[in-house]
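So that you can map any letter, position 25 of the sequence shown is 31 in the numbering used here, and since no number is skipped, the others follow by simple counting.
Note that CB positions come from ideal geometry on N, CA and C, so glycine has one too.
Report on one structure; see the data block that follows.
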Amino acid sequence: MSVLAEFEALYGVEPEGIWAAPGRVNLIGEYTDFNDGFVMPLALPHTAVAAVARRTDGTLRVHSADIEGGIVQLDVSALEPLASTDWAAYPAGVVWALREAGHPVTGADIHLASTVPTGAGLSSSAALEVVTALALNDLFGLGLSRPELAVVAQRAENAFVGVPCGVMDQMASACAAEGHALFLDTRDLSYRQVPFDLAAQGLRLLVVDTRVKHALGDGAYAARRAGCEAGARALGVRALREVPYVHLPDALARLSDESVRRYVTHVVSDNHRVERTIALLDAGDARAVGPVLTEGHASLRDDLRVSCPELDLAVEAANAAGALGARMTGGGFGGSAIVLVEERAAAAVSAAVEKAFAEAGFAAPRIFPAVPSEGARRL
Ligand code: ADP
Ligand code: MG
Numbered sequence: 007m008s009v010l011a012e013f014e015a016l017y018g019v020e021p022e023g024i025w026a027a028p029g030r031v032n033l034i035g036e037y038t039d040f041n042d043g044f045v046m047p048l049a050l051p052h053t054a055v056a057a058v059a060r061r062t063d064g065t066l067r068v069h070s071a072d073i074e075g076g077i078v079q080l081d082v083s084a085l086e087p088l089a090s091t092d093w094a095a096y097p098a099g100v101v102w103a104l105r106e107a108g109h110p111v112t113g114a115d116i117h118l119a120s121t122v123p124t125g126a127g128l129s130s131s132a133a134l135e136v137v138t139a140l141a142l143n144d145l146f147g148l149g150l151s152r153p154e155l156a157v158v159a160q161r162a163e164n165a166f167v168g169v170p171c172g173v174m175d176q177m178a179s180a181c182a183a184e185g186h187a188l189f190l191d192t193r194d195l196s197y198r199q200v201p202f203d204l205a206a207q208g209l210r211l212l213v214v215d216t217r218v219k220h221a222l223g224d225g226a227y228a229a230r231r232a233g234c235e236a237g238a239r240a241l242g243v244r245a246l247r248e249v250p251y252v253h254l255p256d257a258l259a260r261l262s263d264e265s266v267r268r269y270v271t272h273v274v275s276d277n278h279r280v281e282r283t284i285a286l287l288d289a290g291d292a293r294a295v296g297p298v299l300t301e302g303h304a305s306l307r308d309d310l311r312v313s314c315p316e317l318d319l320a321v322e323a324a325n326a327a328g329a330l331g332a333r334m335t336g337g338g339f340g341g342s343a344i345v346l347v348e349e350r351a352a353a354a355v356s357a358a359v360e361k362a363f364a365e366a367g368f369a370a371p372r373i374f375p376a377v378p379s380e381g382a383r384r385l
């Protein structure tokens, strides 16, 4: 059944519209977004779709085609932050964040269905938040810009659900353009669409979903974040983004804590890798991005220490089979890796990764191409 027909069957009325917002992969710039740094995500063809109708009686009803358990009914004036981490907290958090900011959202009926794999580091949560935010923005005539919607969505996840994520995922879902990567400065949310037409250059970007579930809530993410903040304080800067790559040796000489030194090394060098990637793409040399990805992986594995055996194996096996470069993407500890390959080598590289996983006794990975796709939109 279509999302439209499902909405009608659930709520007994027609939706006022249907919206879609994509998941994303991050090409380069990892754990930089909470350091005011640079990131470069691209939107996937996989989307969360929402059919929505306004209500004026203060009732919020949400339903997901992908979750057992029926309609969740809430009262918009009684939404409590951090009360639940159940899936409904994501769309409810968006309603809460909009109302907190003074927007007159008086209720809604929402039916969601998503093709973004969950817990695979591909931002199914941001897709859900952004599609909800865009739909309510349109229906209630709120007039918020795409970056403003992304900030509302991030606030929903941070303050209502309780996940301390940066703003990259929501910005990617809200602002990405087809055939492009989004070069985003997370300090002021300024961004530029960088042409990333892989097919035209005979290239492919593969996503390798290791099927290992990441769990950012386990404190590792918070520890990295706290370590980066401690590093910035010790260096007398507001955020690590202010440490230029050429000053990294000086900065490290002024830091004593071993883990803080490693985190600073990662953040400062990954920011630099984003700048190098931009320069390569602007020069039309997407192939040369491969080794930059592999360098980034080594830094995530050895300095930040957020990789895992499955991600390391995906990167190693892909590179050994002739990929141009590869790295883990997203928060790590599982989730997905990306692999840049010549189109003609894609099948052989995929097969080599699958074989390596089987030999290691790991669950079979799910491998698919990341086609740079359009950001959130009304359908
Ligand atoms: P990621 O964003 O990397 O996929 P998260 O842990 O941040 O992983 O978000 C996954 C959570 O988002 C799920 O546990 C669920 O609560 C919610 N979610 C994602 N997609 C859907 C969906 N289609 N229906 C309901 N909830 C969803
Ligand atoms: Mg998420």
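Is the beta carbon of residue i within less than 6 Å of some heavy atom of the ligand ADP?
i, result
"residue 39", "no"
"residue 70", "yes"
"residue 124", "yes"
"residue 24", "no"
"residue 134", "yes"
"residue 93", "yes"
"residue 120", "yes"
"residue 338", "no"
"residue 34", "no"
"residue 116", "no"
"residue 127", "yes"
"residue 373", "no"
"residue 344", "no"
"residue 73", "yes"
So does residue i have its beta carbon nearer than 6 Å to some heavy atom of the ligand MG?
i, result
"residue 131", "yes"
State the beta-bridge partners of residue i as determined by DSSP.
i, result
"residue 25", "56, 384"
"residue 47", "32"
"residue 375", "212"
"residue 199", "188"
"residue 344", "213, 333"
"residue 114", "60, 66"
"residue 120", "54"
"residue 81", "65"
Might you give, ordered along the chain, the residues of its own chain that have their beta carbon closer than 8 Å to the beta carbon of residue i, omitting 5 neighbours on each side?
i, result
"residue 185", "201, 202, 203, 378"
"residue 295", "33, 34, 283, 286, 287, 330, 331, 346"
"residue 278", "251"
"residue 209", "292, 293, 330, 346, 347, 348, 349"
Grab me the residues of residue i's own chain with a C-beta within less than 6 Å of its C-beta, minus the 5 sequence neighbours each way, in chain order.
i, result
"residue 338", "312, 313"
"residue 309", "268, 271, 272"
"residue 40", "172, 231"
"residue 87", "165, 166"
"residue 169", "163"
"residue 323", "358, 359, 362"
"residue 351", "328"
"residue 199", "183, 186"
"residue 52", "29, 121, 122"
"residue 136", "27, 159, 176, 179, 180, 382"
With a threshold of 7 Å between beta carbons, is residue i in contact with chain D?
i, result
"residue 135", "Reference to chain D is not applicable here, since this structure consists of a single protein chain."
Spatial neighbours of residue i within its chain, please: CB distance less than 7 Å, with the 5 preceding and 5 following residues excluded, ordered by chain position.
i, result
"residue 131", "96, 163"
"residue 9", "24, 55, 57, 117, 119"
"residue 245", "41, 42, 238"
"residue 175", "30, 129, 132"
"residue 215", "123, 126, 342, 371, 372"
"residue 63", "113"
"residue 105", "82, 111"
Would you say the beta carbon of residue i is closer than 6 Å to some non-hydrogen atom of the ligand ATP?
i, result
"residue 115", "No copy of the ligand ATP appears in this structure; the ligands present are the ligand ADP and the ligand MG."
Three CB pairs or more closer than 8 Å across the region 82 to 92 and the region 41 to 60: no
Meets three-Cβ-pair contact criterion under 8 Å: the region 15 to 25 and the region 104 to 119: yes
Segment contact flag, the region 179 to 195 with the region 152 to 160, C-beta cutoff 8 Å, min 3 pairs: yes
Given 8 Å, three or more beta-carbon pairs between the region 159 to 168 and the region 93 to 102: yes
contact_flag[the region 238 to 248, the region 260 to 279] where n(CB pairs < 8 Å) is 3 or more: yes
Cβ contact check for the region 10 to 18 and the region 63 to 77: 3 or more pairs under 8 Å: yes
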